[in-house]
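Asker:
In the working numbering, the protein residues as written are 13 to 264.
1. Tell me whether residue 27 sits in a helix, a strand or coil according to DSSP, three-state version.
2. Using a threshold of 8 Å, state whether the C-beta atoms of residue 259 and residue 228 are closer than that.
3. With three or more C-beta pairs closer than 8 Å as the rule, is the stretch 172-184 touching the stretch 206-218?
4. Identify the continuous beta strand (DSSP E) that holds residue 111 and give its terminal residues.
5. Where in the stretch 72-158 do unbroken runs of the alpha helix (DSSP H), each at least 4 residues long, occur, reported from the N-terminal end onward?
6. Who are the near neighbours of residue 249 in its chain, counting only those whose CB is closer than 8 Å to its CB and skipping five residues on each side?
7. I'd like to know whether the C-beta atoms of residue 158 and residue 122 end up nearer to each other than 8 Å.
8. Put residue 168 into one of helix, strand or coil per three-state DSSP.
9. Tell me, please, which residues DSSP counts as bridged to residue 56.
10. Please list, in chain order, all residues of the same chain as residue 62 whose beta carbon is under 6 Å from its beta carbon, the five residues on each side excluded.
11. By Cβ distance, which residues of its chain are closer than 7 Å to residue 7, with the 5 residues on each side in sequence left out?
12. For residue 69, count the other beta carbons within 10 Å of its own beta carbon; 16 or more makes it buried, fewer makes it exposed. Which is it?
13. Would residue 109 be called buried (16 or more neighbouring beta carbons within 10 Å of its own) or exposed?
14. Give me, in chain order, the residues of the same chain whose beta-carbon lies closer than 6 Å to that of residue 18; leave out the 5 immediate sequence neighbours on both sides.
So this is what it looks like as structure tokens:
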């Protein structure tokens, strides 16, 4: 956990600017830290760190990586310790429509996922861009490999194997908006990801943020994350929600 937190915290602080791959700056980064703590008769800890870095290694090519970590503890018992790394390579992202290659890595303690990897490609359509405001839609296809620590699933057809591999298609919707003379910032990152081989294997995620600038380098942030997976270990719920409060650090 400590190594992951240092990567998420230190790397963006050494860089600068906001995360939008079609911007002209060669290096951009930010970091948000949100959470909730309660002590006394009921002890609860929820922590979420999310960082993003975009840089331009060559002309017309842009690399973007987003990393997040979620940790939950109830009564000093660990409930979540999840890592997600989203990595993209874009070509000509200043265009209205541009291609991309992607690769993901993740783990999930609650869902007993020891490792998950995806690799794929697709296209992004920049539907709206004006000043700092933007809205984008993407369509991609990926091959996924997921390894579990258990072999008893909520859908019997997947029992007896600790590995599920499949081809997926993904629809993405991402946006960022500055309102009321930039006194309020709204962000959203969502996707739906069905299997192209099995109709009962699908997932989706919706991530919403509301930020209130405190000063040039610091915003107060409210973050709401909702996730759903159709194939889970027997006895687990398929949907999780997180509401956290904290700050976004910037160097621009």
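A virtual CB, placed ideally from N, CA and C, is assigned to each residue, including glycine. Just so it is clear, the structure is predicted and the values come from calculations on it, not from any experiment.
Answerer: So, from the data block:
1. Locating residue 27 in the chain shown gives position 15, where the first residue counts as 1. Bear in mind that the predicted position of residue 27 carries a pLDDT of just 39, short of 50, making it unreliable; the figure below should be weighed with that in mind. Residue 27 falls in the coil class under three-state DSSP.
2. Start at 1 with the first residue of the chain shown, and residue 259 comes out as number 247. Start at 1 with the first residue of the chain shown, and residue 228 comes out as number 216. Contact check for residue 259 against residue 228 fails: the beta carbons are separated by 8 Å or more.
3. With the cut-off at 8 Å, the stretch 206-218 and the stretch 172-184 touch.
4. As a position in the chain shown, residue 111 is number 99, starting the count at 1. Note, residue 111: beta strand (DSSP E), 109-120.
5. The stretch 72-158 contains no whole alpha helix (DSSP H) run of 4 or more residues.
6. Walking along the chain shown from the start, residue 249 turns up at place 237. Cβ neighbours of residue 249 beyond the five flanking positions: none.
7. One-based indexing of the chain shown puts residue 158 at position 146. One-based indexing of the chain shown puts residue 122 at position 110. Taking 8 Å as the Cβ cut-off, residue 158 and residue 122 do not qualify as a contacting pair.
8. Residue numbering aside, residue 168 sits at position 156 when the chain shown is read from its first letter. Looking at residue 168 - three-state DSSP - the assignment turns out to be helix.
9. As a working mapping, residue 56 is identified with position 44 in the chain shown. Answer is 50, 86, bridged to residue 56.
10. As a working mapping, residue 62 is identified with position 50 in the chain shown. A distance below 6 Å between beta-carbons, with the five flanking residues on each side excluded, links residue 62 to the following residues of its chain, in chain order: 44, 80.
11. Because the chain here runs from 13 to 264, residue 7 falls outside it and cannot be looked at.
12. As a first step, residue 69 is located in the chain shown; it is residue number 57 there, counting from the start. Here residue 69 is exposed, its C-beta having fewer than 16 other C-beta atoms within 10 Å.
13. Taking the chain shown and counting its residues from 1, the one referred to as residue 109 is at position 97. Exposed is the call here.
14. As a position in the chain shown, residue 18 is number 6, starting the count at 1. At residue 18, the pLDDT of 44 sits below 50, so the modelled position is not reliable and the matter cannot be decided from this model.
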